[in-house]
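Participant: In order, the protein sequence lines correspond to chains A and B.
So in the working numbering, the last one in the first sequence is 96, and the numbering has no gaps at all.
So in the working numbering, the last one in the second sequence is 437, and the numbering has no gaps at all.
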Amino acid sequence: MAKKVPVDDKLGYNNFHTDESYAHIEINSDFKDEEEIRKVVLACPAELYKYENGELAFNHEGCLECGTCRVVSGGKVVKSWNHPYGEMGVTYMQG
Amino acid sequence: MSEEKFDAIVVGGGLAGLTAAYCLAQAEMEVLVIERGTFCGSKNVTGGRIYTHSLEKVMPGFAEEAPLERKVTKERVALMTEKGVVNIEYASGKPDTPETASYTVLRSKFDKWFAEKCEEVGVMMVPGIRVDSLIKDGDKIVGIDAGGEEMYADVVILADGVNSLLAQSIGLKPELKPEQVAVGCKEVIQLGEDVINQRFGLEGNDGLSMLVAGDPTVGNIGGGFLYTNKDSVSIGIVATCSDIGRVDVSIPDMLERFKNHPSIEPLIKGGLPLEYSAHLVPEGGFDMIPKLYDNGVLVTGDAAAFVINLGYTVRGMDFAVESGRLAAEAVIRAKAADDFSAASLAYYQKLVENSFIYTDMKQYRNFPKLLERHEIFNDVPEIADVLFDRLFRVDGKKPVSLPMFAIDEIAKRTSASKLLELVMVALDAL
């Protein structure tokens, strides 16, 4: 795919009000099952799960709040999942 | 506000919640809608297309003034391989009535408008607040807690969507299972009205709905969709969560794959991307419907899994609206009897069971099983591709009998027993 648009660029189309003081999703960074990690990395529409050199990193900035990571990981990779506080997170203008 | 008691608190200002609130306010009840987004619609995503029959009952003639996009007059279903496509297009040409019409829609605009209509009839709207938990008194739900602020009501209507952590928190429904939900991932791309009309063969306010199986999800359960809005298109993919990881292509890459397909790329070329969104879709069907009520609480819309995906038709919003209306009806009756116990609110369950929500979802109860068959997303598009290629390719060589060729191609991919099994699953589903 020559014309693949990077997800980071796509997130730039959206309005976000990131809550710097509250991460609505927390991950188990010591969870090491690579197959489970791979699924969450492939699942996230915002590509917020990065697995490099045996380390899983996650940042909630840019989260589209879909809940897919929670469902796919079944409590393994994702430790806790909540909606962001009111007015925080993504504000869709199209929907 | 903390001392005031409402007749009803609705959690979530989407279609189910707003419809419930609208109907309750019209019955002179004091109703509060709490929405976590900055405004109603700001957390909502649809494909999407709304079938208007249920909202027409609540607000006759609403389509005249609502910010709907285009009236769907063309249906396109496509089977896609990596390079090829078989499109089936249908336009009935018959006039629609308000009850049979359907429209493409963008929820951030539509729900915002609907919330304003709710305010006009007296609904109290509180956007920008996340409800953290439900307040219990014994075994009865009596209110909500939002950041330490408590608000009370005779009944709480849960309309908080597919990720209804609140319904889960009181044991009305279990956590979603990967095979029950699909992730939808879409872009809204602005093209301008004229360009859309030219590229899709449309006129005026006519619109096209397109659903695709095959290549967009690389054979995973799911598919692609494209809906023409007024001056933009909504283009996306939907992929069942239990299939994620089956192929080494990520969800966002599936969308790019779809957008770059030779049959799609010319349709969206030169467009200005406006938004990138994602949302879960409850697709477990009838067997996924949770218990719909308990003491002082009702569950509606996506939170109640009221969605059916038939591949060629996807419905959720018309169910959400109907469930909101029926929830309001049950609450009005409970108020008259001053009884908000589970026994009283069970009337909502009864109303749902007697509505098209139940009959339609029950009819297609086994459809999710059919859509679990990977043949539909792999072999069927491939077989269609080779057959049509055979049909239309002229190369001056000795012709091959088409029926024999077809049988051969099908046999390459499946066995008679597997084919029969698929037919049996299909018959069961339909």
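Note that beta-carbon positions come from the ideal geometry of N, C-alpha and C, so glycine has one too.
Curious, which full-length alpha helix (DSSP H) runs of at least 4 residues does the region 190-259 of chain B contain?
Facilitator: Entirely contained in the region 190-259 of chain B, the alpha helix (DSSP H) runs reaching 4 residues are, in chain order, 200-207.
Participant: Pick from Glu329/B, Ala353/B, Arg322/B: whose alpha carbon is nearest that of Arg340/B?
Facilitator: Comparing Cα-Cα distances from Arg340/B to each of Glu329/B, Ala353/B, Arg322/B, the minimum goes to Ala353/B.
Participant: Counting only Cβ-Cβ distances shorter than 7 angstroms, please list the residues of the region 182-193 of chain B near chain A, keeping chain order.
Facilitator: Answer set for the region 182-193 of chain B: Leu183, Pro185, Val188, Val190, Cys192.
Participant: Does the separation of the CB atoms of Ile26/A and Leu57/A fall below 8 angstroms?
Facilitator: Taking 8 angstroms as the Cβ cut-off, Ile26/A and Leu57/A do not qualify as a contacting pair.
Participant: What would DSSP say about Arg43/B, mapped onto helix, strand or coil?
Facilitator: Note: Arg43/B maps to coil in three-state DSSP.
Participant: Is it true that the CB of Val52/B sits closer than 8 angstroms to the CB of Leu75/B?
Facilitator: No, the Cβ-Cβ distance between Leu75/B and Val52/B is not below 8 angstroms.
Participant: Check whether chain B comes within 8 angstroms of Glu48/A, counting only Cβ atoms and requiring the distance to be less than that.
Facilitator: With 8 angstroms as the cut-off, Glu48/A counts as an interface residue toward chain B.
Participant: Report the residue from Asp415/B, Val387/B, Ile417/B whose alpha carbon sits nearest the alpha carbon of Leu86/B.
Facilitator: Closest option to Leu86/B, Cα to Cα, is Val387/B.
Participant: Just checking: is the beta-carbon of Thr53/B within a distance shorter than 8 angstroms of some beta-carbon in chain A?
Facilitator: Yes, Thr53/B counts as interfacial toward chain A.
Participant: So, at 8 angstroms on beta carbons, what are the nonlocal neighbours of Asp14/B in its own chain, with the 5 sequence-adjacent residues on each side left out?
Facilitator: Leu31, Met36, Glu37, Val38, Ala160, Asp161, Val162, Val338, Lys342, listed in sequence order.
Participant: Between the C-alpha atoms of Arg71/A and Ile244/B, what's the straight-line distance to the nearest angstrom?
Facilitator: So the alpha carbons of these two residues sit roughly 19 angstroms apart.
Participant: Between the region 73-101 of chain B and chain A, which residues of the former have CB atoms less than 7 angstroms from a CB of the latter, in chain order?
Facilitator: Those residues of the region 73-101 of chain B that come within reach of chain A (Cβ to Cβ, closer than 7 angstroms) do not exist; the list is empty.
Participant: Evaluate Arg332/B with the Cβ neighbour count: other Cβ atoms within 10 Å of its Cβ, from every protein chain shown; 16 or more gives buried, anything less gives exposed.
Facilitator: Its Cβ being crowded by 16 or more others within 10 Å, Arg332/B is buried.
Participant: Leaving aside the five residues before and after Met8/B along the sequence, list all residues of the same chain whose C-beta is less than 7 angstroms from its C-beta, in chain order.
Facilitator: At Met8/B, the pLDDT of 45 sits below 50, so the modelled position is not reliable; the number obtained from the coordinates is stated separately. Met158.
Participant: Please state whether the Cβ-Cβ distance between Gly194/B and Lys5/A is less than 8 angstroms.
Facilitator: Note that residue 194/B is Glu in the sequence shown here, rather than Gly. No. Outside cutoff.
Participant: Just the C-alpha distance for Gly168/B and Leu305/B, rounded to the nearest angstrom, thanks.
Facilitator: Near 13 angstroms, if we compare the C-alpha coordinates of Leu305/B and Gly168/B.
Participant: From Glu1/A to Val78/A, what distance separates their C-alpha atoms?
Facilitator: One cannot answer for residue 1/A here, as it falls past the ends of chain A, which runs 2 to 96.
Participant: Quick one: which residues of the region 23-53 of chain A get their C-beta closer than 8 angstroms to a C-beta of chain B? List them in chain order.
Facilitator: Those would be Glu36, Arg39, Lys40, Val42, Leu43, Ala44, Cys45, Pro46, Ala47, Glu48, in chain order.
Participant: Closer than 7 angstroms between beta carbons: that is the criterion. Which residues of the region 27-60 of chain B meet it against chain A?
Facilitator: Flagged, chain order: Arg43, Gly44, Thr45, Gly48, Ser49, Lys50, Asn51, Val52, Thr53.
Participant: If you compare alpha carbons, which of Val8/A, Trp82/A, Lys80/A, Met89/A is closest to Pro46/A?
Facilitator: Minimum Cα distance to Pro46/A is reached at Val8/A.
Participant: Expressed to the nearest angstrom, what Euclidean distance is found between the alpha-carbon atoms of Val91/A and Leu165/B?
Facilitator: Their backbone Cα atoms lie some 22 angstroms apart in a straight line.
Participant: Nearest to Lys12/B by CA position, among Glu63/B, Glu106/B, Met131/B, Ser351/B, is which residue?
Facilitator: Per the Cα distances, Met131/B.
Participant: Can you give me the start and stop residues for the beta strand (DSSP E) that Met131/B sits inside?
Facilitator: Here the beta strand (DSSP E) through Met131/B covers 131-134.
Participant: Quick one: is Glu263/B near chain A, going by C-beta distance under 8 angstroms?
Facilitator: Taking Cβ atoms only, chain A reaches closer than 8 angstroms to Glu263/B, which makes this a yes.
Participant: Can you name the residues that DSSP bridges to His286/B?
Facilitator: Answer by DSSP bridge pairing, in chain order: Gly191/B.
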